[in-house]
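Novice: Before I ask anything, here is the structure I am working with.
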Amino acid sequence: MQVNFLKVYNKIVRDKILEIIEKEGRKYNSRILTDKEAAEMLALKIKEEADEFIAAPSKEEMADLLEVIYSIADKYGWNLDEVEKIRVEKNKKRGGFEKNIFLIDTD
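Numbering (the numbering used here), first residue to last: 41 to 147.
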């Protein structure tokens, strides 16, 4: 007798994941999130992807991070060109991370 165990995910997934699961002959339960729910789940997803990048830095993991960032911007209706302008302005005012400075403490 074969026993199949459910693998519970309870997370937002990429748009084609359900098709992939079906092609593998597996069954699933899913639902469509509201944009508000999706934005909340994407915030959790970015932490998951960041943890994966920290564990094994690669271009693929960086691409996953960017995909989530782009999706979050879309859910909030933010224009990426505007976000980039803000990033550049913050870089001018506060700098980036090129100098590898590690702040230990202040008084």
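Glycine included, C-beta positions come from ideal geometry on N, C-alpha and C. Computed from a prediction, not measured in an experiment: that's the story for all the values here.
(1) Which runs of the beta strand (DSSP E) spanning at least 3 residues fall entirely within the stretch 99-139, listed in chain order?
(2) Would you call the stretch 87-104 and the stretch 61-75 in contact, with 3 or more CB pairs under 8 Å?
(3) Give me the Cα-Cα distance between Y49 and T146, rounded to the nearest whole angstrom.
(4) Is the stretch 70-90 close to the stretch 51-61, with three or more CB pairs under 8 Å?
(5) What's the C-alpha gap between E140 and N131?
(6) Just the Cα atoms here: how many angstroms apart are L82 and T74?
(7) In whole angstroms, what separates the C-alpha of G136 from that of F45?
Specialist: A quick look at the data gives this:
(1) For the stretch 99-139, not a single whole beta strand (DSSP E) run of length 3 or above is found.
(2) no
(3) 43 Å
(4) yes
(5) First, the residue type needs correcting, since residue 140 is Asn and not Glu in the sequence shown. Whole-angstrom Cα-Cα distance: 14 Å.
(6) Answer to the nearest angstrom: the Cα atoms are 12 Å apart.
(7) 47 Å
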